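Accompanying notes for the structure given below.
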Amino acid sequence: MSNKLQKRFDELEAEHVAVISTKYSTYSEMFGSSEQVDNEKFLQWCIKAKNLINKSCGTDSEHYKAFEKAEGGSGWSGSFSRCKEMGAVFLATKNDFEGGYLNSYKNLIQAEVFDSELEQASELLGSGYYVASAVIAGTVLETALRDLCDKESIPHGKLDKMNSDLAKAGVFNKIVQKQITSYAGIRNSAAHGKSSEFTADDVKLMISGITQFLVTYLA
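Under the working numbering, think of the first position of the sequence shown as 95, with each following residue one higher.
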């Protein structure tokens, strides 16, 4: 669990309480009385909460969809009612995040993609296309590093930069960092058509190493 994301969930939970506390009543001839909250504070919280839900579980998740539905409201609902409904979705997301359920869902989907791509890399290797195999395996590795950076709120960058930043953050040790550097070197050589700089056996070890890396750090 990312400490930075956890801290952000805690901050926005407290901010939601503050928004709710601004409740006031209004009256109009057309709609009668309604309960509202401070519009500016509510809008600011909404944007930040929506962004956090996106980061933690993605736009295709039930949590994000439920938040958007609550954001739209139902009929003539005052902002206080919408704020309460959105807060309920936010807290449900926070609870699932703390329980590790959001990571499990996202990792399951990503694991299926990775498995498919690594399987393709293995098939190409078996057919003698070890250069293309290395390129695909390297793409899987780079995507995995991006996912780890997202978890740690580390900015994306080139593969070597993300590798270094993740090691500095303590996500993995120097030995793993060196292994990734080695895989990145093979991928770069393959991408530039320098097939003489590595062998099919190197690619076989690369695929095996990346598979183990995914199991260890993204499972």
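Each residue gets a CB set at the ideal place from its N, CA and C atoms; glycine is no exception.
Just so you know, these numbers come straight off a predicted model, no measurement behind them.
Length of the line joining the Cα atoms of residue i and residue j
i, j, result
"G166", "W139", "15 Å"
"P249", "D295", "33 Å"
"G264", "G126", "57 Å"
"E217", "D154", "31 Å"
"S302", "K117", "58 Å"
"A226", "Y195", "35 Å"
"S221", "Q214", "11 Å"
"S128", "E134", "18 Å"
"E156", "S119", "32 Å"
"K245", "K149", "8 Å"
"V270", "G152", "28 Å"
"I203", "L312", "Here the model assigns I203 a pLDDT of 49, short of 50, so the residue's position is not dependable, and the following value carries that caveat. Cα to Cα, the separation comes out at about 11 Å."
"S247", "D241", "10 Å"
"F292", "Y223", "13 Å"
"A284", "N257", "19 Å"
"A143", "L253", "30 Å"
Environment of residue i [buried if 16+ CB atoms lie within 10 Å]
i, result
"G232", "buried"
"M300", "buried"
"L185", "exposed"
"Y277", "buried"
"H286", "exposed"
"E123", "exposed"
"V131", "buried"
"N97", "exposed"
"K164", "According to the sequence provided, residue 164 is Ala. The question's Lys does not apply to it. The residue in question, A164, is buried, as its Cβ has 16 or more Cβ neighbours within 10 Å."
"Y121", "exposed"
"M95", "Its pLDDT being 42, under 50, M95 is placed unreliably in this model, and the value from its coordinates should be taken loosely. Its Cβ having fewer than 16 others within 10 Å, M95 is exposed."
"A108", "exposed"
"S289", "exposed"
"S173", "buried"
Identity of the residue in the options nearest residue i by Cα
i, options, result
"I274", "G181, E134, K255 and Q130", "K255"
"N267", "Y223, T310 and S302", "T310"
"L308", "D154, L218, L239 and L146", "L239"
"N145", "K272, S302, L312 and L99", "L99"
"D259", "V270, I269, K272 and C243", "C243"
"L106", "T293, G279 and A182", "A182"
"E211", "F191, I114 and T237", "T237"
"A112", "A261, Y121, K178 and E162", "K178"
"E192", "K101, I114 and L253", "K101"
"A160", "S171, A143, M180 and A284", "M180"
"T305", "E162, D209, E109 and F174", "D209"
Within 8 Å, strictly: CB atoms of residue i and residue j
i, j, result
"K188", "F136", "no"
"R176", "V229", "no"
"K298", "L219", "yes"
"Y158", "I147", "yes"
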